[in-house]
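Q:
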Amino acid sequence: MNDFSLTSTQPANVNVLTVTDLHKSYGEQEVLRGMSFSVARGECFGLLGPNGAGKTTTLRLCLGLVTAEAGNVDLLGMPVPADARRARLRVGVVPQMDNLDPDFTVAENLLVYGRYFGLADAGIRARIPDLLEFAGLAGRAESRIQTLSGGMKRRLTLARSLVNDPDLIFMDEPTTGLDPQARHLIWERLKTLVAQGKTILLNTHFMDEAERLCARLAILDHGRIIALGSPRELIARHIEPEVVEAYGEGTLAWAATARALAPRVEVTGETVFCYTADAGRVLASLEGRPALRYLHRAANLEDVFLKLTGRELRD
Amino acid sequence: MSNADEALRPMRAASDYAPPRLSLRFVPVWRRNFLVWKKLAIPSILGNLADPMIYMLGLGYGLGALLPEVGGVSYIVFLAAGTVCFSTTNSATFESLYSAFSRMHVQRTWDAIMNAPVDLDDVVLAELMWAASKSFLSGLAILAVVWALGLSTSPLSLLAIGVVPLVGLCFAAIGLAITAMAAGYDFFMYYFTLVITPMAMLCGVFFPIEQLPAAFQAIAWVLPLSHATSLVRPLLLGEIPANIVSDVLVLLAYAAAGFYTAVVLFRRRLLK
Chain A
1 MNDFSLTSTQ PANVNVLTVT DLHKSYGEQE VLRGMSFSVA RGECFGLLGP
51 NGAGKTTTLR LCLGLVTAEA GNVDLLGMPV PADARRARLR VGVVPQMDNL
101 DPDFTVAENL LVYGRYFGLA DAGIRARIPD LLEFAGLAGR AESRIQTLSG
151 GMKRRLTLAR SLVNDPDLIF MDEPTTGLDP QARHLIWERL KTLVAQGKTI
201 LLNTHFMDEA ERLCARLAIL DHGRIIALGS PRELIARHIE PEVVEAYGEG
251 TLAWAATARA LAPRVEVTGE TVFCYTADAG RVLASLEGRP ALRYLHRAAN
301 LEDVFLKLTG RELRD
Chain B
316 MSNADEALRP MRAASDYAPP RLSLRFVPVW RRNFLVWKKL AIPSILGNLA
366 DPMIYMLGLG YGLGALLPEV GGVSYIVFLA AGTVCFSTTN SATFESLYSA
416 FSRMHVQRTW DAIMNAPVDL DDVVLAELMW AASKSFLSGL AILAVVWALG
466 LSTSPLSLLA IGVVPLVGLC FAAIGLAITA MAAGYDFFMY YFTLVITPMA
516 MLCGVFFPIE QLPAAFQAIA WVLPLSHATS LVRPLLLGEI PANIVSDVLV
566 LLAYAAAGFY TAVVLFRRRL LK
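Chains A and B supply the protein sequences, listed in that same order. Each residue of the first sequence is one higher than the last, beginning at 1 in my numbering. Each residue of the second sequence is one higher than the last, beginning at 316 in my numbering.
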């Protein structure tokens, strides 16, 4: 098994990242309006939000690449942006857009990136086989970047973020654009990293990703955290436990009936969502209407997300 | 909006204009560019050498056969110094425009580097040093040809090796400032056609500055390339340049001002 946690210099149960009341505007647009959260050592913490909610801005502020108008960031015990560069010595980043070096091979990408951390060539070279093994890229050390699939590039980017054996890894939508197989492989690796004691801050808009990986998560909207907790807590706190989704010919006409049977009913396009503590009466009503198709399931994070952030499109 | 917010805003604005923070952290970034270059070194050197060589030999011997003497020497000897300077200028400019822009904007290489413990100032310094290094090779290659053809035989011409990096730094710095303002590659064509090419005509690359009308001469002496040719030409002829101190100072001043402008503009562009 690959183990990337060589050292553990800080005691357990310490927050490795604390963000307090961040405000950030671009011109008239307030991107962050009082953002606060903290990430404990060894946890995977998710920032979940629609496009434009401020996830990437938060990440850039945490890395000290941007300065906030107000608020504080403490990264690995160091104030950001004042000591951001020093803090980044122990941080890994998987950016949203691939920025691997197209002129280099797989191994050269890792070697050159390790040098930015002041690491000696011999030390980096010694780590490369383990990093490639971890990324499922063993045997591809000499491959050119252009010959890699999208999933392989993402995994190499993940390996690159581990070259300095970081304590904390920032991941900005690490599985966007990947097929399900590639996505599952990334998820496995992230779980392994957490099991090894790494801390992860995960930006995502995939609910199943957040639900599987994150011990705790914050739902962002319009530059603010509107809910924070474990996936189960959020579901229990914000939503009815059972959901019936009905669709097909005549569904919209049935919606009026449904409203009498479930405490909360929402209609989106051709689909009727019934949220309830006991779906028995809703299901009975549907049994008598064979034209309607339906899905009965437990409430999930997506239901919470849509309830809190609304169903209208975000651009 | 809070009071703290209002109070902090001027601080942020001031920090864009803070002096560049220079450190040796630029070295790994320079080595990155060097590693890319190494993979294509031979075609790159030949490509950099062919164009100025064709101009120097074609104009020098072809046009030179029609001319009695230019600046007191044969035209090819006159042109040799101009070619060393202009080749260095072109190489530094090209690298700091097109190549730096690709790394910053197209490939997002700078973004990746700045996620590591390397700051923007380090990256800009690395690009400056890299463009200057690459142009040093171009200038040196032309000098080697000049020596090989016997166009310069004085030991003083060895001092030109020291002038070439100054010319490279100067034009790399100005080029980076241009890149910091560029929306796309098209912008660079204007810089070449409106700045670099006219400068070559005004600054004693192809003919003596004294040939120009007085007003143009005055303009020429404000431009850095004049000070490059006025250093390199006497050295190749085995003479001590007349205005060593002021020529060197002008080149250094352009380098410093260009670099500072570039750092400020890149901060405003990228750190927001």
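Glycine included, each C-beta is placed from N, C-alpha and C at the ideal position. Values in this document were obtained by computation on a predicted structure and should not be read as measured data.
Rounded to whole angstroms, what's the CA-CA distance from A138 (chain A) to P129 (chain A)? Just pull it up for me.
A: Counted from its first residue, the first sequence places residue 138 (chain A) at position 138. Counted from its first residue, the first sequence places residue 129 (chain A) at position 129. If I take the Cα positions, the gap works out to 7 Å.
Q: Can you say whether T309 (chain A) is buried or exposed, counting buried as having 16 or more other CB atoms within 10 angstroms of its CB?
A: Looking up residue 309 (chain A) in the first sequence gives position 309. Flag for T309 (chain A) reads buried.
Q: With a threshold of 8 Å between beta-carbons, can F45 (chain A) be considered close to chain B, or not?
A: Taking the first residue of the first sequence as position 1, residue 45 (chain A) is located at position 45. Answer no: the Cβ-Cβ gap between F45 (chain A) and chain B never drops below 8 Å.
Q: Spatial neighbours of M207 (chain A) within its chain, please: C-beta separation below 7 Å, excluding the five flanking residues on both sides.
A: Along the first sequence, one-based indexing puts residue 207 (chain A) at 207. Hits under 7 Å: N300, L301, E302, F305.
Q: Under 8 Å by Cβ, that's how I've got T494 (chain B) and L412 (chain B) pegged, so tell me the actual separation to the nearest angstrom.
A: Along the second sequence, read from residue 1 onward, the residue named residue 494 (chain B) stands at position 179. Along the second sequence, read from residue 1 onward, the residue named residue 412 (chain B) stands at position 97. Confirmed, Cβ separation roughly 5 Å.
Q: Nearest to A395 (chain B) by CA position, among B:A431, B:A570, B:D331, B:S545, is which residue?
A: Along the second sequence, read from residue 1 onward, the residue named residue 395 (chain B) stands at position 80. Among B:A431, B:A570, B:D331, B:S545, the Cα nearest to that of A395 (chain B) is on B:S545.
Q: Based on Cα-Cα distance, which residue from A:G64, A:N51, A:R232, A:E69 lies nearest to H23 (chain A)?
A: Translated into the one-based positions of the first sequence, residue 23 (chain A) becomes position 23. The candidate whose alpha carbon is nearest that of H23 (chain A) is A:E69.
Q: Quick check on V439 (chain B) - is its C-beta less than 8 Å from some C-beta in chain A?
A: Within the second sequence, the letter at position 124 stands for residue 439 (chain B). No, V439 (chain B) lies away from the interface with chain A (no Cβ there is under 8 Å from its Cβ).
Q: Could you tell me which chain A residues have their CB closer than 8 Å to the CB of R582 (chain B), listed as they occur along the chain?
A: Numbered from 1 along the second sequence, position 267 holds the residue referred to as residue 582 (chain B). Within 8 Å Cβ-Cβ: nothing; R582 (chain B) doesn't reach chain A, min ~11 Å.
Q: Anyone know if the C-beta pair for R88 (chain A) and A431 (chain B) falls short of 8 Å?
A: Against the first sequence, residue 88 (chain A) aligns to sequence position 88. Against the second sequence, residue 431 (chain B) aligns to sequence position 116. In contact: R88 (chain A) and A431 (chain B) (Cβ atoms closer than 8 Å).
Q: For R115 (chain A), return the contacting residues in chain B, with the cut-off set at a CB-CB distance below 8 Å.
A: Residue numbering aside, residue 115 (chain A) sits at position 115 when the first sequence is read from its first letter. By Cβ distance, chain B contributes P343, R346, R347.
Q: I need the DSSP call for S406 (chain B), collapsed to helix, strand or coil.
A: Position 91 of the second sequence holds residue 406 (chain B). Helix, per DSSP.
Q: Pull up the DSSP beta-bridge partners for S318 (chain A), would you.
A: There is no way to answer for residue 318 (chain A), as the model of chain A reaches only from 1 to 315.
Q: Please classify K354 (chain B) as buried or exposed, where buried requires at least 16 neighbouring CB atoms within 10 angstroms.
A: Stepping through the second sequence from its first residue, residue 354 (chain B) is reached at position 39. Label assigned to K354 (chain B): exposed.
Q: Could you pull the start and end residues of the alpha helix (DSSP H) that P539 (chain B) belongs to?
A: Counting from 1 along the second sequence, the entry for residue 539 (chain B) is found at position 224. Per DSSP, P539 (chain B) belongs to the alpha helix (DSSP H) from 539-552.
Q: Beta carbon of D437 (chain B), beta carbon of R340 (chain B): below 8 Å?
A: Position 122 of the second sequence, counting from 1, holds the residue named residue 437 (chain B). Position 25 of the second sequence, counting from 1, holds the residue named residue 340 (chain B). Result yes, Cβ atoms of D437 (chain B) and R340 (chain B) sit closer than 8 Å.
Q: In the DSSP assignment, what are the bridge partners of D434 (chain B)?
A: In the second sequence, counting from the first residue as 1, residue 434 (chain B) sits at position 119. Paired residue(s): none; D434 (chain B) is not in a bridge.
Q: Quick one: what does DSSP say A210 (chain A) is sitting in, helix, strand or coil?
A: Taking the first sequence and counting its residues from 1, one reaches residue 210 (chain A) at position 210. The answer is helix: DSSP assigns A210 (chain A) an H, G or I state.
Q: Rounded to the nearest angstrom, what separates Q96 (chain A) and P334 (chain B) at their Cα positions?
A: Within the first sequence, residue 96 (chain A) is the residue found at index 96, counting from 1. Within the second sequence, residue 334 (chain B) is the residue found at index 19, counting from 1. Distance between the alpha carbons of Q96 (chain A) and P334 (chain B) is about 31 Å.
Q: Evaluate the contact criterion for the stretch 461-471 of chain B versus the stretch 115-134 of chain A: three or more CB pairs, one atom per stretch, below 8 Å.
A: no
Q: Between L308 (chain A) and the ligand HEM, is the CB less than 7 Å from at least one heavy atom?
A: The ligand HEM is absent from the structure shown, which contains no ligands of any kind.
Q: When DSSP builds the beta bridges, which residues end up paired with I219 (chain A)?
A: Here the question's residue 219 (chain A) lines up with position 219 in the first sequence. In the DSSP output, where bridge partners are listed per residue, I219 (chain A) has A:L48, A:A227.
Q: Here's a check: name, in chain order, each residue in its chain whose Cβ is nearer than 8 Å to the Cβ of L452 (chain B), leaving out the five neighbours to either side.
A: Numbered from 1 along the second sequence, position 137 holds the residue referred to as residue 452 (chain B). Contacts found: I360, N363, S406.
Q: Output the distance between the C-alpha atoms of F531 (chain B) and S541 (chain B), rounded to the nearest integer angstrom.
A: As a working note, residue 531 (chain B) is residue 216 in the second sequence. As a working note, residue 541 (chain B) is residue 226 in the second sequence. Using only the alpha carbons, I get a separation of about 12 Å.
Q: Is there a Cβ of chain B sitting closer than 8 Å to that of E209 (chain A), yes or no?
A: The count along the first sequence starts at 1 and reaches residue 209 (chain A) at position 209. Closer than 8 Å: no.
Q: Determine which residues share a DSSP beta bridge with F486 (chain B) and list them.
A: Position 171 of the second sequence holds residue 486 (chain B). Its beta-bridge partners do not exist; DSSP assigns none.
Q: Buried or exposed: where does R582 (chain B) fall if 16 or more other Cβ atoms within 10 Å of its Cβ makes it buried?
A: Along the second sequence, one-based indexing puts residue 582 (chain B) at 267. R582 (chain B) counts as buried, since at least 16 other C-beta atoms from the protein chains shown sit within 10 angstroms of its C-beta.
Q: Is the stretch 101-120 of chain A touching the stretch 187-197 of chain A, taking contact as three or more C-beta pairs under 8 Å?
A: no
Q: Taking the alpha-carbon positions, what's the R33 (chain A) to A446 (chain B) distance?
A: Sequence index remark: in the first sequence, residue 33 (chain A) carries index 33 (1-based). Sequence index remark: in the second sequence, residue 446 (chain B) carries index 131 (1-based). Across the structure, R33 (chain A) and A446 (chain B) are spaced so that their CA atoms are roughly 42 Å apart.
Q: Along the stretch 478-491 of chain B, what residues have a CB closer than 8 Å to any CB found in chain A?
A: none
Q: Would a check of beta-carbon distances place R85 (chain A) closer than 8 Å to chain B?
A: Here residue 85 (chain A) refers to the residue found at position 85 of the first sequence. With 8 Å as the cut-off, R85 (chain A) counts as an interface residue toward chain B.
Q: Is the Cβ of L61 (chain A) closer than 8 Å to any Cβ of chain B?
A: Taking the first sequence and counting its residues from 1, the one referred to as residue 61 (chain A) is at position 61. No, its Cβ sits nowhere closer than 8 Å to a Cβ of chain B.
Q: Would you verify that the beta carbon of R88 (chain A) is, or is not, closer than 8 Å to some beta carbon of chain B?
A: The sequence position of residue 88 (chain A) within the first sequence is 88, counting from 1. Interface residue, yes.
Q: Should F503 (chain B) go down as buried or exposed, given a rule of 16 or more other Cβ atoms within 10 Å for buried?
A: If you number the second sequence from 1, residue 503 (chain B) lands on position 188. Buried, by the Cβ-count rule.
Q: Using the Cα positions of A492 (chain B) and Y500 (chain B), report the straight-line distance between them to the nearest angstrom.
A: Taking the first residue of the second sequence as position 1, residue 492 (chain B) is located at position 177. Taking the first residue of the second sequence as position 1, residue 500 (chain B) is located at position 185. Approximately 14 Å between the Cα atoms of the pair.
Q: How big is the Cα-Cα spacing for G483 (chain B) and F409 (chain B)?
A: If you number the second sequence from 1, residue 483 (chain B) lands on position 168. If you number the second sequence from 1, residue 409 (chain B) lands on position 94. Their backbone Cα atoms lie some 11 Å apart in a straight line.
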